[in-house]
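Student: Protein chains in written order, with my numbering: chain G, -15 to 186; chain D, 23 to 515. For each residue, glycine too, the CB sits at the ideal point set by N, CA and C. If you're wondering where the values come from, they're calculated on a predicted model, not measured in any experiment. Before anything else, here's the structure in question.
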Amino acid sequence: MMFIRSFLFFFGVLATVLLGWAALVGVPDFMVSEIQPPEGLQRYTEEQRYGRSVYIREGCMYCHSQQVRPEGFGVDQERFWGRPSVPADYVFDKPHLLGTMRTGPDLMNIGVRQSSEDWHLAHLYNPRIVVPGSIMPPFPWLFEEKLSAGPNDKVITLPDSLAPKGKVVVAGRDANALTVYLLSLDRSYPVAQGKPDTTEKK
Amino acid sequence: MAKKKTKKPADPHGEFRGQRTEADQERRIVIDDAARTPTVLYLGSGIFWLLVGSLFGIVASLKFNLPDWLGSSAALTFGRIRPAHLNTVMYGWASLAGAGMIVWLTARLCRIQLQLAWVHYLAVILWNLGVLAGTVAILAGYNQGMEWLEFPRFAGAMIAVGFLLFAASIIQTFRKRNVDHLYVSLWYILASMIWFPFLYVVANLGIYQGVIQAAMNWWYGHNALATWFTPIGLAGAYYFIPKVIGRPIYSYYLGLLGFWAFALFYNWNGIHHLVGGPLPTWLVTVSIVASVMMVVPVMAVAVNHHLTTVNHFRMLKFSPTLRFVVIGSMCYTAVSVQGSLESIRSFQEVAHFTHYTIGHAHLGVYAFLSMILFGAIYYIMPRLARWEWPYPGLIKAHFWMSTAGIGIYVIALTIGGWFQGVQLNDPAIPFMDVVEYTKIYLWARSIGGALMVVSHFIFAFQFVMIIKHAGPRRFAPALFRESAPMQREEREP
């Protein structure tokens, strides 16, 4: 009797966790597996991919989401953060970077909203140069200090209080790649819209 | 489980049947002795990670207030120290301290010496090395990119093997048990021995991509609570409340209902983290329904715990264990009801993406789980060390500072986060105005956090003292007030 009870207990416990996995991951995976990338969505280039890895390394996703909410749910459209996101927008994303916080604004379409490379570089070096009152961290280790800029270097224009004496600050490889990645964030191409539920097979 | 049909209450040690014999007491000493070293190793390393993790936490919080502070240190940037905080407090503090409590509790509830005790030495080493390697990796920039799964795979593998070894000993102890009645706490413990390894291994395989990976991420993130952290807390509350009060749990059958409803619904909750996200609507809806259904097990547990406590509130004045555990169980009710509400779409429209959620998370992991672990450690250690807590005043300081700290923290983020969400949903308010608005609440969060950090150092100090048998020698249990009516002259094992 005790054996049967133990067996039922362990079987029941195993069944609950397997059911949960099947419902929340297994079945959706099967349903979404046929999604094709939209025509306007490009694969990441080598440099964009590297920039994306810098984004992950520095933990940008802890304060910035990459998902635009549907109309009537929040005001993402009114804030000009882009059209509602659909599963097809993420087919090339691994790991996903949907995010859960908006300490800073959504970045799903930051490349459209702010297309200035100089702005992004200055903002990464110290956000308060371009956005007074920002609480975003500075990322000076993505940059290099040099005595004089080389021909291909992108020099960051700094206010006197932040400029190192007798040196110039130029974007390093990581800052450039991260900026390239941010500028590539453009999901304004058309997709089959409607409800966020776009997983039905055609 | 309870075979003999009676109204016999769930009863950890047969004490309510008047069997407090000397043989029983001697058996308890033997059982405690066998569990001593593994338990102390788990608890001690858990407390070490509590200190490390809460220092990460306070630094991360201060970075919201002073964004340029330590601004040139890559390893200490917010985006690295925040996941370091989460992973050290979850996989270090809560997991290891929880494992220590489980080792001791399982041996006691099965009335047998811990089986396969040697595997715990290996498990403690692997587990700690895994957390250490993972944390160093995050600070060095090797982040896997998903919340709750930031540790690189080799660190995850070490933790998984450590957990499996630990679970093997727990299950073997259960198989050799000397009781035919399985107490409620054991159900939760045994279930988590099956649930968590499956969950952790599947989540770390990394076989998904795109939005399904997001679904997997939050299936894991929420289920880590469902299959491991909440069972630790509930097992502790179910044991210590009746134990300290000296009365059986209110209802065995409610316990049964609560457990199976918990097992059934909690597993389906995870996708409520993605309400409004780019996922199939039905998937989100399923999770919302399951989240609301969580009211059933939560109320069953709440009735059981609170009605056991209700006529004995006077004892909260005396017993440190009871006070920590009862506060923890009250916060379990609060955080769970809040969680069910939070999953609803119209609520998420405001609260999602804001500091409100951070307040909710800390109400759960700190005010519920950590409080119960503190209470458990205050109960377990004198029995294992055969030495009383030397400074009751420091227990009081720990209690008040951590309670005030988490209180300030949760209230500030709940209010600040809610209005942050309201303002974010008003397109007339510029984004930077919303950031300005939250700043005062983020300061309050740092103040609350600082109180908690200090209380942890006080706690850790006293933990070291009791292990070393240092400080003034006391012959009666350390209580908040002397001459408690329910306490006997001398410490029982």
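When you compare only the Cα positions, how much space is there between Asn136(G) and Glu371(D)?
Tutor: Rounded to the nearest angstrom, the two C-alpha atoms are 46 Å apart.
Student: Taking any Cβ of chain G, which residues in the stretch 149 to 167 of chain D have a Cβ under 8 Å from it, in chain order?
Tutor: Within the stretch 149 to 167 of chain D, the qualifying residues are Gly163, Tyr164, Asn165, Gln166, Gly167.
Student: Tell me, please, whether the stretch 408 to 423 of chain D touches the stretch 488 to 496 of chain D by the rule of three or more beta-carbon pairs shorter than 8 Å.
Tutor: Enough Cβ pairs lie closer than 8 Å, so yes.
Student: What ranges does the alpha helix (DSSP H) occupy inside the stretch 123 to 179 of chain D, keeping only unbroken runs of at least 4 residues that lie completely in it?
Tutor: Qualifying alpha helix (DSSP H) stretches, in chain order: 141 to 162.
Student: Please return the same chain residues whose Cβ sits closer than 6 Å to the Cβ of Ala177(D), not counting the five positions on each side in sequence.
Tutor: These residues qualify, in order along the chain: Gly152, Ala155, Gly156.
Student: Looking only at DSSP bridge pairs, what is Met85(G) linked to?
Tutor: According to DSSP, Met85(G) bridges with Phe375(D).
Student: Among the residues of its own chain, which have a CB less than 6 Å from the CB of His107(D), if the five just before and after it don't count?
Tutor: Correct list, in chain order: Gly75, Phe78, Gly79, Ala82.
Student: Flag this pair as yes or no: are the beta carbons of Thr0(G) and Asn447(D) separated by less than 8 Å?
Tutor: No, these two residues do not count as a Cβ contact at 8 Å.
Student: Taking the alpha-carbon positions, what's the Ala119(D) to Glu458(D) distance?
Tutor: Roughly 38 Å between the two C-alpha positions.
Student: Per DSSP, what kind of secondary structure is Val139(G) in: helix, strand or coil?
Tutor: It is a strand residue.
Student: Kindly indicate which three-state DSSP category Val153(G) falls into: helix, strand or coil?
Tutor: Strand.
Student: If we cut at 8 Å on Cβ distances, does Ser168(G) have a partner in chain D?
Tutor: No, its Cβ sits nowhere closer than 8 Å to a Cβ of chain D.
Student: Find the nearest neighbour of Trp5(G) within the set Ala45(D), Gln235(D), Ala324(D), Gly470(D), judged by alpha-carbon distance.
Tutor: That would be Gln235(D), whose Cα lies nearest to the Cα of Trp5(G).
Student: Using a Cβ cut-off of 8 Å, which residues of the stretch 23 to 47 of chain G contact any Cβ in chain D, in chain order?
Tutor: For the stretch 23 to 47 of chain G, which is checked against every Cβ of chain D, the residues closer than 8 Å are Ile40, Arg41, Glu42, Gly43, Cys44, Met45, Tyr46, Cys47.
Student: Determine the burial state of Lys339(D): buried for a count of at least 16 other Cβ atoms within 10 Å of its Cβ, exposed for fewer.
Tutor: Lys339(D) comes out exposed.
Student: Could you name the residues of the same chain whose beta carbon sits closer than 6 Å to that of Tyr463(D), not counting the 5 residues immediately before and after it, in chain order?
Tutor: Ala434, Gly438.
Student: Just how far apart, CA to CA, sit Lys130(G) and Asn110(G)?
Tutor: Between Lys130(G) and Asn110(G), the C-alpha separation is close to 18 Å.
Student: So, helix, strand or coil for Gln196(D), using DSSP?
Tutor: Going by the sequence as given, residue 196(D) is Phe instead of Gln. Of the three classes helix, strand and coil, the one that applies to Phe196(D) here is helix, per DSSP.
Student: Between the stretch 59 to 74 of chain G and the stretch 110 to 127 of chain D, do at least 3 Cβ pairs fall closer than 8 Å?
Tutor: The answer is no - the stretch 110 to 127 of chain D does not touch the stretch 59 to 74 of chain G, with fewer than three Cβ pairs under 8 Å.
Student: Is the number of C-beta pairs between the stretch 70 to 87 of chain G and the stretch 164 to 174 of chain D that are closer than 8 Å three or more?
Tutor: Yes, since at least three Cβ pairs between the stretch 70 to 87 of chain G and the stretch 164 to 174 of chain D fall closer than 8 Å, the two stretches touch.
Student: Where do the N-terminal and C-terminal ends of the beta strand (DSSP E) with Phe127(G) fall, by residue?
Tutor: Here the beta strand (DSSP E) through Phe127(G) covers 127 to 130.
Student: Beta-carbon within less than 6 Å of Trp3(D)'s beta-carbon, same chain only, minus the 5 sequence neighbours each way: which residues are those?
Tutor: There is no way to answer for residue 3(D), as the model of chain D reaches only from 23 to 515.
Student: Would you mind telling me which residues of chain D sit closer than 7 Å to Pro148(G), beta carbon to beta carbon, in chain order?
Tutor: The premise fails here: Pro148(G) is roughly 11 Å from chain D at the closest Cβ pair, so nothing lies under 7 Å.
Student: Could you please tell me which residues of the stretch 67 to 91 of chain G, in chain order, have their CB closer than 9 Å to any CB of chain D?
Tutor: From the stretch 67 to 91 of chain G, only Pro68, Ser69, Val70, Pro71, Ala72, Asp73, Tyr74, Val75, Phe76, Asp77, Lys78, Pro79, His80, Leu81, Leu82, Gly83, Thr84, Met85, Arg86, Thr87, Gly88, Pro89, Asp90 have a Cβ closer than 9 Å to chain D.
Student: What residues from the stretch 295 to 323 of chain D come within 8 Å of chain G, judged by C-beta to C-beta, listed N to C?
Tutor: Per Cβ criterion, the list reads His295, Leu296, Gly298, Gly299, Pro300, Leu301, Pro302, Thr303, Trp304, Leu305, Val308, Ser309.
Student: Going by C-alpha to C-alpha distance, which of Tyr210(D), Met393(D), Leu473(D), Val206(D) sits closest to Ala426(D)?
Tutor: With distances taken between Cα atoms, Ala426(D) lies closest to Leu473(D).
Student: Could you tell me if Asp60(G) is buried or exposed, where buried requires 16 or more neighbouring beta carbons within 10 angstroms of its beta carbon?
Tutor: Label assigned to Asp60(G): buried.
Student: Taking contact to mean at least 3 C-beta pairs separated by less than 8 Å, is the stretch 269 to 276 of chain D in contact with the stretch 35 to 54 of chain G?
Tutor: As far as the Cβ criterion goes, the stretch 269 to 276 of chain D does not touch the stretch 35 to 54 of chain G, which means the pair count is below three.
Student: Could you check which residue in Cys353(D), Phe479(D), Ala398(D), Gly299(D) has the C-alpha nearest to that of Phe57(G)?
Tutor: Of the candidates Cys353(D), Phe479(D), Ala398(D), Gly299(D), the one whose C-alpha sits nearest the C-alpha of Phe57(G) is Gly299(D).
Student: In or out: Ile229(D) buried (at least 16 other Cβ within 10 Å) or exposed?
Tutor: Burial call: exposed.
Student: Is there a C-beta anywhere in chain D that falls below 8 Å from the one on Asp181(G)?
Tutor: Reliability fails at Asp181(G), whose pLDDT of 46 lies under 50, so the model's placement of it is uncertain and no value is given.
Student: Give me, in chain order, the residues of the same chain whose beta-carbon lies closer than 8 Å to that of Ala139(D); leave out the 5 immediate sequence neighbours on both sides.
Tutor: Here the set comprises Ala56, Ala57, Thr59, Pro60, Ser191.
Student: Helix, strand or coil for Pro79(G)? Go by DSSP, reduced to three states.
Tutor: It is coil, neither helix nor strand.
Student: Taking buried to mean at least 16 other C-beta atoms within 10 Å of its own C-beta, is Gly173(G) buried or exposed?
Tutor: The sequence shown places Tyr at residue 173(G), not Gly. The residue in question, Tyr173(G), is exposed, as its Cβ has fewer than 16 Cβ neighbours within 10 Å.
Student: I need the straight-line Cα distance from Thr99(D) to Gly443(D), nearest angstrom please.
Tutor: Rounded to the nearest angstrom, the two C-alpha atoms are 25 Å apart.
Student: Are the C-beta of Val(-3)(G) and some C-beta of chain D separated by less than 8 Å?
Tutor: Output row for Val(-3)(G): interface = yes.
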